[in-house]
Each structure stands twice: as C-alpha cells, then as structure tokens.
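Asks: Just passing along the structure, written as structure tokens.
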Amino acid sequence: MDCHCDINRTSPRLARTQLASGSHLCCERGEVYVPDDDIAWARATVMHPLGGSRFEVEVERSQERGGLKPRVTGSVVVDASGPGFEGMDSLPLQNAETADGKGVADMCALNHLHEPAILYNLRRRFMSLLPYTYTGEICIAINPYQWLDIYGKELGQRYKEASKRSDMAPHVYATSAQAFKGLQTYGVNQSILVSGESGAGKTETVKILLNHLADIAGSHADDRTIEKVITSNPLLESFGNAKTLRNDNSSRFGKFTELQLDSRCRLAGSQSNTYLLEKVRVVSHARGERTYHIFYQLLAAPESEKKRYGLEGQGSASFRYTSMGGDQKGVIEGMSDGDRFRQTSDALDIIGMAEKEKSELLSAVSGVLHLGQIDFVEKASDSGAHECEARDSEKLVAPATMLGVTPGDLGQHLTHRSVKVEGKTINVPLSPAAATDSLDGLAKEIYCRMFDWLVAKINDSMRCSDGSNKGTIDLLDIFGFETFQHNSFEQFCINYANEKLQQKFTQDVFKNVQVEYQEEGIPWSHIDFQDNAAVLGMIEEPRRGLLSLLDEECMLPQGTDEAYASKAIKAYKDHENFGKDRFATKLEFTVHHYAGRVVYNTGGFVEKNKDQLQSDLVQMLSQSTNGVLGSCFKSQAKPLLPQDSNGPNSRQRKGSLMQESLGSKFKRQLHALMAAIQRTEVQYVRCIKPNANKSKDELNCLMVVEQLRCAGVVEAIRISRAAYPNRMIFREFSRRFEVMANKVTKGGGGASKATREKEAAAFARRSESSQCKFILEKLLGREKDSKCCLGNTKVYFRAGVLEQMEEERGKFVRVKVVTVQRALMGNAKRRPYLRLRTSAIVAQKLWRGHVDRQTAKRLKVEKEERERRAREEEERRRREEEERRLAAAKKAEDERIKKEEEERKKAAKKAEKAASGGGSLMGKLIGGGSGGGKKDRSSGGGGGAGGEFAQDSPVDNGNSILGIMPDYDSDTDMPMDMQDKFKSGSSSGGTFSRFYSGHGGAAGAGAGEGDDEGGMSVGRYNPLFHNAVRGFSKLIRGNEVYKLYMEGKGDFPDRYLMTARKKGGASASQFVMSMEDGEDGDDNGNSSNIVGRLKATTRTSEEFQVFSPRFTGPDDRGNGKEKEVAAVHYSADKMDPHGRYEGPRKMRVVLGNMHGNNADVEAESSLLHRMLRGSLDSLEEPCLINRNPRWNAKVQAFVLNFHGRVTQASVKNFQLVVQGDVTEQITLQFGRTHTNEFTMDFCHPLSPLQALAITLTSFDCK
C-alpha cells in the first residue's frame, strides 16, 4: 500500500516510529538528514523503505546557501541503526523552514530536536549575521569574524528594561541583564561562564558583557570607577594576550573578573584573579605566532620613548624573542602596535600608576628583550670544567641597566650556580647550554612576576571600600580546550581546567536537575549524559593522580620526564580514559577528555612543574634598583622550604628554591575558583568557532558539530524542553503570590472585614504545600497540572509560566502601590490645598471687583464716544451743504485754470523754438537770450545750457531707463503698454530735458524774476508728461536735511534738484523745500528759493498737507500765499486677513492742481478734509493708494517687487498706484539702497515736489 503523505505533517513520535519500523505509511518523500563525511549531516529525501531500519534516500546535491557539498549525492541506502546514528532511534527529520529563512531564536522550539536540526539552525543564523541563539537558558555565540552593528548603550538599556528575555532577540546582553536582575532582585551573587575553544570569541564576548554591565550598573556610579573597570581589560590584554595560529588576540592566561556592586546595585569596584600565564611564550613560540603584545607595542613606540629604554632605532626583527615567529606586520585586529602602545600608556595613567612605576615597569619589559640578545660561548678552564662566558660582554650592559643590577653580577649569576656543601658556598660553572636555559628561565620569571604585580596594582586601584559591597557579578574568561600536534604541560593544565568547568556545567544542567527531580518526586524521564568525573579523578586524585605522580617525580633528585611517563602508564593502563598508542614514543600517553582524545608529550613536564629559579638570580633581583622588580622578588629572596644540608642528596637540592609546584598551585587555584562559582547563580555562554580560516562567510559543519558534542548542547536543549526550568520553594511562593489568590477569592475587596479576616485565618492554618496548591488553583484553574507540578518542598513550573505569573503580580502590585500612594499624597496635599483654595477665593473676589469697575469705566467712555460721533455726524451734514454751495464756484475757477494752462503751453513752444536756434533752452525759456543767467553759465561748464542738457539727457538706451524693473517675476507684473514705453527712447527725451531745464532755471533765479518763475513752473512744479516713462531720482538723508538728485546714466552725473529741511520747534512735523544746495539753509520760510512746504496736522504724524507758493505775477514772489497741492493720510494695515499681524500703515494720497490760482486754503475745503470726510472714489482729484503685496512661494511671505531698485529691506519702502487702476501701474516707488540713501521713481501725474513731499511723510510715520 503506497501513500504519499508528508512525513513532517505527522507527529514527531509517530513519524519516528514509522521510520524506525520501516512501514511504508507516510514515509516516502519524507525529508530527513543522513550522515556525511564532509559536512557532518546532509539533507536527503526518503525514496523507499527497504524494511527494518534500512531506507533508500536521495541525497540533495544543493545543500542550502553557502556552498555545502556532500561527499556522496544521489540515491543511497542508509541504516538508521548503523554508524553515525548513535543515540537516535530513527532517521532525523528535517524541520520546516521559518518564514524569513533565518532559523529559530530558541532551539527548544524546534519541532524535531536532534543534532542535525541544531547544526542547520545555527548555520542559517550564522549566514544571516545572527550570531546569538538560545538553547533554553544557555546562550550560544558563534564568532562572526566581523564587527556587527548590534551593540550600544541604547540597545543595552532596552535589554535591561525588558520584562521577559523572549521580548528581545537573542543576545549576550540578555545574559548580563539577567545576572544583574538576579543580584538586584534576589540578592544572589551571579557568575557568567564563557567557554569555548581557542578562537571562538571568548575574550571579545567577555568584553561585551563587561561593557554592558558597566553601563547598566554604572548609570549613577562614579565615572572614574567605570573608566578604570573598562580600561583594565585592554591593559591586561596587552600583557597577557598574544597572536597564535588560531587567534590574533588569544588570551594566554585565565581571568576571573569580579564586579563589585554596592547596596544600590551601582558599580563600586572590581577585582581580577589570573591563572596559569603561559610563561614559555616569552622565550619561545611557533612560526607565524608572536610573543606577548606589550613587547611589540614598546618597539613601535615613538623614538623619544624608545630611547628611554635603550631601544632607539630597533624593531621587532632586531630581538631574538620577538623575531622567531616571523610576523612583522605590526597590526592586530585592525589596530597598529603603535596605537596600542598609546592606549596601554593611557590605561596605566587611568588606573593611577605613578610615572616612576610606569617607567620601571616598561624598563623591566625592555630588560627582558635585551636578555634575549645574550649568547654564551665556552671558555678554557684550568680545572677542566665546562665553563662559559658571554660572547659579547657589552650586551650585558643594556639588560643590567634596565633590570637595575650591575653587568658583572648579571654575567656571574648567569654563568655560575651557587651550591652549599657542609656550610660552604661553592660557585659551580655552567655550560653554554645550561647558561642559556638559566637566561631563558630568568626572562620567564621576570615577566611572570611583573604580570602578577600589574594585576595586583590594578586590583588596588579598583578595590571597593569595606562595607559598601552588596554582591558581585563574576565573569570567567579562561583558555579553551586545546589540542595540537605537540601538546605539553601547558595544554595538560588548560584541558584540566576545561574538564572542571565542563563538570560544573554537567552538574548544573543534567545531574543536579535529575537528582533534584527524583528527590522531589517529580515525574522525570531519565536521560543519559556524558560524565567526566572519571577523567578528573585520574588527573587530580591524591597520591596516585597524574598531577601527584608529577609532583613526586619532581621531588626526586634524578627525576626525569621519561620516568614520569612510565609511572603514569603503569598506574592507568587499564583506565577507560587513558591509553598509549602503539607507535607512541616513551614520552607520550593519551588522555580521553570530554572534548576528545589528546596525545601529551611529557618532555619538559618535570622542569616546568618545578617552576623554580636559581636562588642567586632571585637574590640579585631582590636588591634591584628597579622598584617594581625589587618588590616582585623580595618576597621570595629566601627558600620557602629550606632543606637539611646533612640529608641525602643535599648537594643536588641546594641550588634552587623548594616551593609549591606549578601543577599543585594551579590545582589549588582551580579548586578555589570552582568553590567561588559554586556560591553563585551561574549563567552560561557557549562560544562556537565556525571555521579555522577566520572567514566571515564559512561555517565548517564538522568543526561545529564537534564543538556542540563537547559542550553537551543537545542534551541541554532536551532537558530544558522536557522538564521544568523554573522552581520556587513553598514558603517563598506562598508569600509572593498569596495576595493574588486573595484578590481572586475575595472579589477585589467586596467582602466584609469579618469575612476577609476569617478567610485569612483559614488560609494561615493550611500547610505550606496546601497553601501553594490553593494559590495555583485560583490563579491557573484547570491548567494547573499542565503548567506546573508540586514537589515535596518546591513548586516546579513549565517554561514561561512563572514569568507570566510574575508579570501579572507586578501589574497587581503596581495598582495597589498607586492606591496607597494616592491616599498618602492626598492626605499630605489636602491641607495646603484648602489654604490655597481660601486664598484663591479672596483673590478672585478682589479681581472680580476690579474687573467690574473697569467695565463701568469703559461703558462710560463708550457712551461719551457715541455722543461725540453724533455731534460729528451733524457737523458733517452741515459741511456737505456748504460744499454744494462752493461747487459752483470751483467750476468757474477750473475753467480759468484751464485757460491759463493753454497759455503756458503756447509760451513753452515758443521757448523750444528759440532753443533750437542755437541758444540755451533755459535762457530762451526764461529771458529770451542765448546764454542764460550767471549761475546757468557756471553750471553749464561754459557752453550753452541747451547743449549741456541735450548731452545729459539719458535717452540713448530705453533698456537703461528700464533699470528699476529689469527682473519681473512674471509678465503680469508689468502691463504690456508700460513695456512698450520702456522700450521706446523717444518718449522720454522731452520729459527729462524739460525736467533738467527746470533745474537750470531754478538755479538761475538771479537772472530775473520772469526767468525764475518760468524755470520753477517747468522744472519742479509740473507733472511728468503722459508719454514720459519715469523720473529716476536719488534722495540722500543728512542731519534733518534731505537732498534730491536726478539720477544720471553712464557718463552723465547726478543732477541736484532740491533740498528739504525739517523745521525745528514746531508742535507737529514740518518740512521746508527749497533750491538751496547746502547743509545750512533757512528753515523758517524766509528764503526766496523756497518751492514748497510739508506740514503734519497731528502730533501722531498721521495726516499731512503739501503746499506750494502761489504766484500770480512777477511781483508775487515771497508774498506768503500758498496753495494745497497734495494731502497724505496714514491708517493701520493688517497684512493677515484675520488681522493678526500688523504691518506698515496704509497710505492714501490726493493730488491737487500744481498751477491753479486757488484761493487761500481753508480747513473745510482742503484736500485733506475732503479725503477724510468721504471715500477716494468720490473725489475728482487724482488719488493714489498702496500697491498690494503679492505672495512669494520661495520666501513664504507677501512681498513687493522693486525690480532691483531697492537693495535694503526697510519699513519705509513702498509703492503707490492710481486708485481704480486695474493694471496697478506704479506711479511712485520709494526704497532704501544704503543707510542714508534712497531711490524715488515716479511718473505722471506726479511732479518732483509732490513726489518728494509724499516720500518725506514716511520718515515721520513709519
């Protein structure tokens, strides 16, 4: 029976059963994983079950993105019970792809849980640049080999404030935030253990965690403390990290950082413990590697700095200890050694190291470099002993100077060893090889003790004050599991430490959980797991463990590495975790660690474990003038374990310090570390190395699977998913959630007080387990059994249940807290409020009385205003009747003026004909002669006036006259008829000739009375002709003096027209306009050159009248008679239709007849009175009003277009047009060009006198 159902749609248990049994039901076309030698697991599809546990599958050729290529593709027969399927009862099924193809954030959520599912989920996230993934409470971090933009203070704060870890994407920030909350909420010390093999990113992960904890715990802490904590990490990296083949910044020591927080959970200090610095790296490292960073940093320092330490002009290639690796790039993780030296120097200053100590520390580093330059050669001896000496004695000077000893002492103690025999000291000479070993041992010991001194110095600068330490958050960054082609004593100790950490992880995740569930009576499915207790017992067992056997061999006078290996093989030849390969040497044996088998070569084990330095060298350095080295060696200047000089083999044991062996010391430190961790709540971060090429685009599946197996990640996921990850003891649970159950039971306080007390007493009589059961039933109801389980002493919760209950409790408590706060704050504020309320009532009463009185005053003023308006209306009606009477008289007067105008025109024509005959136009126009007056001749430059004016008249270029409006925004801004006038030059010739001739005539007043009258009539009083384009003039303001010039063009200069002077002492503004060109003139109207007068009729300068002298004959000059030629009125303007923004006031202008022989001006018949009495439309005289501004989208405002004639913004700028002119042709335009210079452009029907007077009103009114 064939059935083509999707195997992934069935339940996992049913699918596994079907696959394992070989049933055809729902098996064909099922997507599974099969083992592969190249990529660990390959994706395949089940084609046919073959019976039993055998299946025919089709291995896919394309294995996701990233270039996975299985070794075998196509049709393959697999056996689910064969090799590669250990621990599985069926073919592992594939999980459905997530919607975004980036895998799941928590692998506990995988439907099908097994090793290949975990591998491919991690691979998808790595390729999607998502380095972090959860496995229950464990965070897995894959080294991305690139810096990702997923860090920062703002993001770290969000993880701190998140109520649940699932609210945010997986991140190590969540781990550090959880540790901080655990200390802050429950007061339990926390630890974060970061593990993984070398190159997996442990050091970088610890730095990220440290910076995040410093941010969230240092928000209100001392900034100096935070700076020291953060700075200490790169400082220790400079002295304790080195470049290896696997990692450019590999930690060559273990570090346990203890962050100290005060009672308010603020960062108060930090302490660091270090373990097993790799001393041998100081003098020896492999090709392609480097020794410690600080050596290269010092050699890359500025020359002035290097000179202090005897390193001037030398680089890393100049010294034996730094050149043996062959790496001369000088760049680590994108930063040069020179930049790192400056960073290290600044860090030493930040931790408070004195300049003297800093200099002595770097001198010791330099001294180690110089020690490596010393070579020894054998020298002849009379006694026949093998003696040696330095090849070049000069090379002893530099290291001796840097180390604070004399060159003679240094050379003596390096080539000789002191031995005490029967109370006498004998100097035994050393061979060149022995002297070289002594030299390297001295360099290693100096660097090791100097490193320990630096750690102590850092701890002293960051130690928390006594009594202020509430708790700690510990960070462990220790060397990962290592296995090389040649594994020595260092790898043995490192792997021993990783075994201890793995045991702690195993206990936390597996063993303790199973034991606890069994003790509590919780239903539990037993899971087998890998226990490394046997390996640890073999290493650290007292008396017969591998470390004890090594110590025993070191105590023997003739102890050797080969003897130690023989004893180890004999003691553990039958141990399951110990072995010896068939072709191994006598110095090799194999240990099966949790992460795999490692072959150790015991060559050098005995010497390295002794960790001893020749006593002569220790004594010498204890007396060093270098303060740092002196303090490092003084504590051990004498042997810790003095030996009996009379005992056996005493001669061989006198030359060294009998102190604790390195293996025993490391074992003691490791036990202390594990004891400290046992007292804390532990968070785990498992770092995974994706490939050995440091590539950001490659994930080596075989390497990752091996690390997953070593870390026990699969078992951790299973137990976190199947069991109860959260628990709480009965008493704590009852105390914490009782209030919630009471809320549900009592209906939110609706019951009476007696009922509540009765229920509380009944609840208190229950047992602790009964109380917990009662609370769970009230809160969870029927889901209680599926979400939690009651043990003997604790309540166990499924994943997410406790977090949900805590969230509900937090909401409930917040409501109650707000209620209490409301009552307390209300009581505290009520009395002040009542006092303020009483005071407010009194203040309101007084204010209302004041407002009512002001209202009464206003109503009284309004009544008086209505009565005044009534009187004015009556007066207006009376004036209208009088005006109708005067209308007839005015008509007769207009006819007379018209007749006089015709006569003037005839006289002007005659004057023009006379001018064409060769004489001066003004002369002919005024006196009939050819030369004009005396002043005419002087201003004319010796020629005829007519000739001069013809030359100055700017009519050559119509476009030049168009200068005030060359840049219209649109064609509608200038009417077409105006454009035609601008383009024709002939129409303006007569206008400007006539204008200038008036100037000449006025200036020549001394030639004759008739001449003066004619000049003034033609020049300053006459309006421009209808066919004239515009008059271009310039106004210059002085000290209450305003001078008007007619603008020239090109070679034609500006022409003076008239001067206006402000009259002083008047109650309202008055201006006198004359032809006197000078700052000092008569402003009282006594000059014969006065051409007009401007007078303000009010103090507020809102109404003005313009007057000109009225001449009826040659004898009337100076008779004091005036006629009104213009009236100006200002009123408030609202630029906004709603009246919100008040701008410059509006102008209204009425023009009178410049040549009419009117009677003297009377108040009721004046232009101003008639303009104020009615609208402009009712007047017969020409009327001018402001041109309306237009909206400009560029500047977002209403503007006027002056077409380049105005260059400075001013409230005095304006444009006037004729009332009722729909084309809005500009009649008068005025604006500022400089501080005291203005342009005034005008045309018909304005005369220069009227235009000047109108513009002068703006100086008093704006």
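Those letters in the sequence shown? Residues 1 to 1262, by the numbering used here.
Backbone N, C-alpha and C define an ideal beta-carbon position, used for all residues, glycine too.
1. Per the DSSP calculation, Trp1191 is bridged to which residue(s)?
2. Shortest alpha-carbon distance to Val194 belongs to which of Gly187, Thr203, Val188?
3. Here's the rule I'm using: 16 or more other beta-carbon atoms within 10 Å means buried, otherwise exposed. How should Lys891 be labelled?
4. Following the continuous beta strand (DSSP E) through Phe1104, name the residue where it begins and the one where it ends.
5. Judging by CA-CA distance, which residue of Gln1229, Gln1208, Val1222, Arg1205 is the nearest neighbour of Phe1214?
6. Nearest by alpha-carbon distance to Gln804: which of Lys816, Lys794, Cys788 is it?
7. So for Leu1252, helix, strand or coil by DSSP?
8. From what residue to what residue does the beta strand (DSSP E) around Leu267 run?
9. To the nearest angstrom, how far is the alpha carbon of Gly1092 from that of Asp1241?
10. Take the Cβ of Val77 as the centre, count every other Cβ of all protein chains shown within 10 Å, and call the residue buried at 16 or more, exposed below.
11. Quick check on the DSSP output: the alpha helix (DSSP H) that includes Gly495 runs from which residue to which?
12. Please look up how many angstroms separate the CB atoms of Leu403 and Ile374, rounded, as I've assumed it's under 8 Å.
13. Below 8 Å on the Cβ atoms is my contact criterion, and I expect Leu277 with Phe256 to pass it. Report the Cβ-Cβ distance as a whole number of Å.
14. Under 8 Å Cβ to Cβ from Ser664, same chain only, skipping five residues before and after it: list those, please.
15. With Arg61 and Thr73 assumed to form a contact (beta carbons below 8 Å), what rounded beta-carbon distance in angstroms separates them?
16. Check the DSSP bridge columns for Ala1209 and list the partner residues they point to.
17. Rounded to a whole number of angstroms, what is the C-alpha to C-alpha distance between Glu1181 and Ala889?
18. Do Thr506 and Asn495 have their C-beta atoms closer together than 9 Å?
19. Quick check: the region 324-336 against the region 360-371, are at least 3 beta-carbon pairs closer than 8 Å?
20. Determine the closest residue to Val598 out of Asp561, Gln485, Leu587, with distance taken between C-alpha atoms.
21. If I measure Cβ to Cβ from Gln1070 and keep anything under 8 Å in the same chain, skipping five residues before and after, which residues do I get?
22. With which residues is Asn427 paired in a DSSP beta bridge?
23. Could you round the C-beta distance between Phe812 and Tyr275 to whole angstroms and report it? I think they count as a contact, below 8 Å.
24. If the criterion is Cβ atoms closer than 9 Å, does the pair Gln178 and Leu442 meet it?
25. Quick one: what does DSSP say Ser767 is sitting in, helix, strand or coil?
26. Would you report the Cα separation of Tyr173 and Phe126, rounded to the nearest angstrom?
27. Taking Cβ to Cβ, would you say Arg736 is nearer than 9 Å to Arg848?
28. Going straight from the alpha carbon of Glu864 to that of Gln854, what length do you get?
29. Nearest CA to the CA of Leu779: which residue from Glu56, Glu759, Lys753, Phe733?
30. Using the Cα positions of Arg1187 and Gln1225, report the straight-line distance between them to the nearest angstrom.
31. Indicate the three-state DSSP secondary structure (helix, strand or coil) for Phe180 in the structure shown.
32. Is Phe489 closer than 9 Å to Phe605 when the C-beta atoms are compared?
33. Taking buried to mean at least 16 other C-beta atoms within 10 Å of its own C-beta, is Met825 buried or exposed?
34. Taking contact to mean 3 or more Cβ pairs, one atom from each stretch, closer than 8 Å, check whether the region 616-632 and the region 666-680 are in contact.
35. When DSSP builds the beta bridges, which residues end up paired with Ile332?
36. Within the same chain, show all residues whose beta-carbon is closer than 6 Å to that of Lys160, passing over the 5 residues directly before and after it, in chain order.
Replies: With the structure as the only source:
1. In the sequence shown, counting from the first residue as 1, residue 1191 sits at position 1191. Paired residues: Phe1198.
2. Start at 1 with the first residue of the sequence shown, and residue 194 comes out as number 194. Selected option, being the one with the closest Cα: Thr203.
3. Walking along the sequence shown from the start, residue 891 turns up at place 891. The residue is exposed, with fewer than 16 neighbouring Cβ atoms inside 10 Å.
4. For the purposes of this step, residue 1104 is identified with residue 1104 of the sequence shown, where counting begins at 1. Start and end: 1103-1109.
5. Walking along the sequence shown from the start, residue 1214 turns up at place 1214. Phe1214 has its Cα closest to that of Gln1229, out of Gln1229, Gln1208, Val1222, Arg1205.
6. As a position in the sequence shown, residue 804 is number 804, starting the count at 1. Here the closest residue by C-alpha is Cys788.
7. The residue labelled residue 1252 in the question sits at position 1252 within the sequence shown. Helix, per DSSP.
8. Counting from one through the sequence shown, the residue named residue 267 turns up at place 267. Here the beta strand (DSSP E) through Leu267 covers 267-275.
9. Numbered from its first residue, the sequence shown carries residue 1092 at position 1092. Numbered from its first residue, the sequence shown carries residue 1241 at position 1241. If I take the Cα positions, the gap works out to 19 Å.
10. Here residue 77 refers to the residue found at position 77 when the sequence shown is read from its first residue. So Val77 counts as exposed.
11. As a working mapping, residue 495 is identified with position 495 in the sequence shown. Reading off the sequence shown, one finds Asn at residue 495, where the question assumed Gly. Run containing Asn495: 489-506, per the alpha helix (DSSP H) assignment.
12. Counting from one through the sequence shown, the residue named residue 403 turns up at place 403. Counting from one through the sequence shown, the residue named residue 374 turns up at place 374. With a Cβ gap of about 12 Å, Leu403 and Ile374 do not count as contacting.
13. On the sequence shown, residue 277 is found 277 positions in, with the first residue counted as 1. On the sequence shown, residue 256 is found 256 positions in, with the first residue counted as 1. Between Phe256 and Leu277 the Cβ distance is about 14 Å, and since that is not below 8 Å, they are no contact.
14. As a working mapping, residue 664 is identified with position 664 in the sequence shown. Here the set comprises Leu547, Asp551.
15. Translated into positions along the sequence shown, residue 61 becomes position 61. Translated into positions along the sequence shown, residue 73 becomes position 73. With a Cβ gap of about 5 Å, Arg61 and Thr73 count as contacting.
16. Mapped onto the sequence shown, residue 1209 falls at position 1209. DSSP lists no partner for Ala1209.
17. Walking along the sequence shown from the start, residue 1181 turns up at place 1181. Walking along the sequence shown from the start, residue 889 turns up at place 889. Rounded to whole angstroms, Glu1181 to Ala889 spans 16 Å at the Cα level.
18. Position 506 of the sequence shown, counting from 1, holds the residue named residue 506. Position 495 of the sequence shown, counting from 1, holds the residue named residue 495. No. Outside cutoff.
19. no
20. The sequence position of residue 598 within the sequence shown is 598, counting from 1. The shortest C-alpha separation from Val598 is found at Gln485.
21. For the purposes of this step, residue 1070 is taken as the residue at position 1070 of the sequence shown. Here the set comprises Lys1062, Lys1063, Arg1093, Leu1094, Lys1095, Ala1096.
22. Here residue 427 is taken as the residue at index 427 of the sequence shown, counted from 1. BP columns for Asn427 point to Ser418.
23. On the sequence shown, residue 812 is found 812 positions in, with the first residue counted as 1. On the sequence shown, residue 275 is found 275 positions in, with the first residue counted as 1. In fact, because the Cβ distance is near 48 Å, the residues do not count as touching under 8 Å.
24. Residue 178 sits at position 178 when you count from the first residue of the sequence shown. Residue 442 sits at position 442 when you count from the first residue of the sequence shown. No, the pair does not count as a contact, with Cβ atoms beyond the cut-off.
25. Against the sequence shown, residue 767 aligns to sequence position 767. Coil, per DSSP.
26. Mapped onto the sequence shown, residue 173 falls at position 173. Mapped onto the sequence shown, residue 126 falls at position 126. For Tyr173 and Phe126, the distance between alpha carbons rounds to 18 Å.
27. Counting from 1 along the sequence shown, the entry for residue 736 is found at position 736. Counting from 1 along the sequence shown, the entry for residue 848 is found at position 848. No; because the gap between Cβ atoms is not below 9 Å, this pair is not in contact.
28. In the sequence shown, residue 864 corresponds to position 864, counting from 1. In the sequence shown, residue 854 corresponds to position 854, counting from 1. Cα to Cα, the separation comes out at about 16 Å.
29. For this step, residue 779 is matched to residue 779 along the sequence shown. Of the candidates Glu56, Glu759, Lys753, Phe733, the one whose C-alpha sits nearest the C-alpha of Leu779 is Phe733.
30. Position 1187 of the sequence shown holds residue 1187. Position 1225 of the sequence shown holds residue 1225. Each residue's alpha carbon lies about 9 Å from the other.
31. For this step, residue 180 is matched to residue 180 along the sequence shown. Three-state result, Phe180: helix.
32. By one-based count along the sequence shown, residue 605 stands at place 605. By one-based count along the sequence shown, residue 489 stands at place 489. Closer than 9 Å, so yes.
33. Translated into positions along the sequence shown, residue 825 becomes position 825. Answer is exposed; the Cβ neighbour count stays below 16.
34. no
35. On the sequence shown, position 332 is the one that residue 332 refers to. DSSP, once it has assigned bridges, lists Met335 as partnering Ile332.
36. One-based indexing of the sequence shown puts residue 160 at position 160. Same-chain partners within the cutoff: Ala177, Ile216.
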